[in-house]
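Enquirer: My questions will all concern the structure given below.
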Amino acid sequence: MSGSCNFCKIVSGENPASIVYEDDNVLAFMDLHPANVGHTLVIPKEHWETIYDISEKVLSNLFAVVKRISVAVKKAVGAEGVSILQFNGRVAGQSVMHFHVHVIPRFRGDVMSKLMGAMLGPTGFEKAERKDLDKIARKIRRNL
Ligand SMILES: [Zn+2]
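What the sequence shown shows, in this note's numbering, is residues -8 to 135, in sequence order.
Below is the structure:
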């Protein structure tokens, strides 16, 4: 628990939230600034800041819940797809420094389409050279 953390305050009940799921380790609630209707956040109840420091056990347990929430959100709002987003560090877009996973229902032509297309779509970036991909893959493997 971190004293000034808004998500810890949701866990403790000090701050209000629209809860969709809770167990001993995980809490899921509606994002206050939804990208689409049904945008849900899934968090560990323990205060972990980023994917770098979160325990693998907590994370795997949390992602099992992310799966279940994704299915439920998709059904609940009749979404055509679901985007799972998770940010680490302010430079990456993390605004609350308590590990969280965004479950965002998606609809054809929604406001996120352009953003996501530029970020992750096959046409958003130039195709890389195989030798460059092999080189960086080797570098990442050395850091595992
Ligand atoms: Zn926290």
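Glycine included, every Cβ here is placed at the ideal spot set by N, Cα and C.
Note that the coordinates shown come from a computational prediction; the quantities given were computed from them, not determined experimentally.
1. Relative to the C-alpha of Asn27, which candidate in His93, Val82, His38 has its C-alpha closest?
2. Starting from His38, follow its DSSP beta bridges and name the residues at the other end.
3. Which runs of the alpha helix (DSSP H) fall wholly inside the region -3 to 21 and span at least 4 residues, in chain order?
4. Where does the unbroken alpha helix (DSSP H) through Leu50 begin, and where does it stop?
5. Who are the near neighbours of Ser9 in its chain, counting only those whose CB is closer than 7 Å to its CB and skipping five residues on each side?
6. Following the continuous beta strand (DSSP E) through Val76, name the residue where it begins and the one where it ends.
7. Quick check: does the Cβ of Phe78 come within less than 8 Å of any heavy atom belonging to ligand 1?
Expert: With the given structure in hand:
1. His93
2. Answer is none; His38 lacks a bridge partner.
3. -3 to 3
4. 47 to 68
5. Phe20, Met21
6. With the sequence shown as reference, residue 76 is identified as Leu, and Val is not the correct amino acid for it. Segment 72 to 76, the beta strand (DSSP E) holding Leu76.
7. no
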